[in-house]
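Enquirer: In this note's numbering, the protein residues as written are 468 to 670. Glycine included, each C-beta is placed from N, C-alpha and C at the ideal position. This is the structure I want to talk about, given as structure tokens.
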Amino acid sequence: PLTVGRGGGDWRHFVTSPSVSPTKSRFMEGPLSELTSASGVKVTDEVITVFNDMKVRKAQPNEDEKKKRKKAILFCLSKDLKNIVLDDGKEILVGDLGTTVHDPYQHFVKMLPSNDCRYALYDATYETKETKKEDLVFIFWAPDSAPLKSKMIYASSKDAIKRKFEGIKHEWQVNGFEDLKDRHTLAEKLGGSSVISLEGTPL
Numbered sequence: 468p469l470t471v472g473r474g475g476g477d478w479r480h481f482v483t484s485p486s487v488s489p490t491k492s493r494f495m496e497g498p499l500s501e502l503t504s505a506s507g508v509k510v511t512d513e514v515i516t517v518f519n520d521m522k523v524r525k526a527q528p529n530e531d532e533k534k535k536r537k538k539a540i541l542f543c544l545s546k547d548l549k550n551i552v553l554d555d556g557k558e559i560l561v562g563d564l565g566t567t568v569h570d571p572y573q574h575f576v577k578m579l580p581s582n583d584c585r586y587a588l589y590d591a592t593y594e595t596k597e598t599k600k601e602d603l604v605f606i607f608w609a610p611d612s613a614p615l616k617s618k619m620i621y622a623s624s625k626d627a628i629k630r631k632f633e634g635i636k637h638e639w640q641v642n643g644f645e646d647l648k649d650r651h652t653l654a655e656k657l658g659g660s661s662v663i664s665l666e667g668t669p670l
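Shown next, in the form of structure tokens:
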């Protein structure tokens, strides 16, 4: 009874059967990640450049390069719902750490909007019993309080941005701030019980 269209994010393309209530549709029965339709949304070159910069780690970066490196950043849909773009001003630079940002994990959580969806890259620094590591995590923020329309469009556009983020080992879908209160959840994604600290905080 539901047909999922390939239009550029128009709400009418997602629910076309008048006999089905959007609030009771099968889209809400399972994880949002199960919605795999292509939405026609494109990823801008700026987003791809940011990902490539975060993915490549120079062996001996100079101090200026190190400070400008992004620790975390948010991405959002453009106002016309046709492109995935940088969420203006929503980033943490490595140079901010220890100055304006003392706990990057908590700072990242505070950057997330309470009533809308986002995509994010977070460069996690953590320790296992054997070594210290850094890994990029792709995060799909889809709070329960976000409008249904937003959750559906972001879910159907997720594959578009994931395809551009090649080589990321860790993906995390988060559906509310309750999931973020305890950093153990992220630690589980990174290495389970072998992780003993995250961003310098013992677990």
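Report the three-state DSSP secondary structure of GLU666 (helix, strand or coil).
Expert: To locate residue 666, count along the sequence shown from 1; it is residue 199. The answer is coil: DSSP assigns GLU666 none of H, G, I, E or B.
Enquirer: Keeping to the same chain, check which residues put their C-beta closer than 7 Å to that of MET578; ignore five residues upstream and five downstream.
Expert: Counting from 1 along the sequence shown, the entry for residue 578 is found at position 111. LEU541 and LYS557, listed in sequence order.
Enquirer: Using the Cβ count rule (16 or more neighbours within 10 Å means buried), how would you classify ASP555?
Expert: Within the sequence shown, residue 555 is the residue found at index 88, counting from 1. ASP555 comes out exposed.
Enquirer: Under the rule that 16 or more other beta-carbon atoms within 10 Å means buried, what is ARG650, buried or exposed?
Expert: As a first step, residue 650 must be located in the sequence shown, where it is residue number 183. It is buried - the Cβ of ARG650 has at least 16 other Cβ atoms within 10 Å.
Enquirer: Where does LEU653 sit, in a helix, a strand or coil, going by DSSP?
Expert: Taking the sequence shown and counting its residues from 1, the one referred to as residue 653 is at position 186. In the structure shown, LEU653 sits in a helix (DSSP, three-state: H, G or I).
Enquirer: Could you check whether SER617 and CYS584 sit closer than 7 Å to each other, using their CB atoms as the reference points?
Expert: Walking along the sequence shown from the start, residue 584 turns up at place 117. Walking along the sequence shown from the start, residue 617 turns up at place 150. Yes, these two residues count as a Cβ contact at 7 Å.
Enquirer: Contact between the stretch 602 to 620 and the stretch 634 to 652: three or more CB pairs below 8 Å?
Expert: Taking 8 Å as the limit for Cβ pairs, the verdict is that the stretch 634 to 652 does touch the stretch 602 to 620.
Enquirer: Figure out for me which residue from ARG536, ASN550 and LEU553 has the closest Cα to the Cα of GLY562.
Expert: As a position in the sequence shown, residue 562 is number 95, starting the count at 1. Nearest option by C-alpha distance: ARG536.
Enquirer: Taking only three categories from DSSP, how would you classify VAL552?
Expert: Position 85 of the sequence shown, counted from the start, is the residue given in the question as residue 552. Correct three-state label for VAL552: strand.
Enquirer: Do you know how far the Cα of LEU553 is from the Cα of SER486?
Expert: Counting from one through the sequence shown, the residue named residue 486 turns up at place 19. Counting from one through the sequence shown, the residue named residue 553 turns up at place 86. Caution is warranted here: a pLDDT of 38 is assigned to SER486, below 50, making its placement in the model unreliable, and the coordinate value is therefore given only provisionally. So the alpha carbons of these two residues sit roughly 38 Å apart.
Enquirer: Taking 7 Å as the threshold (C-beta atoms), are LEU665 and TYR589 in contact?
Expert: Locating residue 589 in the sequence shown gives position 122, where the first residue counts as 1. Locating residue 665 in the sequence shown gives position 198, where the first residue counts as 1. No, the Cβ-Cβ distance between TYR589 and LEU665 is not below 7 Å.
Enquirer: Sort THR567, LEU560, CYS543 and VAL508 by Cα distance to PRO708 and report the nearest one.
Expert: What is shown of the chain runs 468 to 670, which leaves residue 708 out entirely.
Enquirer: Which two residues bound the contiguous beta strand (DSSP E) that contains ARG630?
Expert: Mapped onto the sequence shown, residue 630 falls at position 163. Unbroken run through ARG630 is the alpha helix (DSSP H), 615 to 631; no beta strand (DSSP E).
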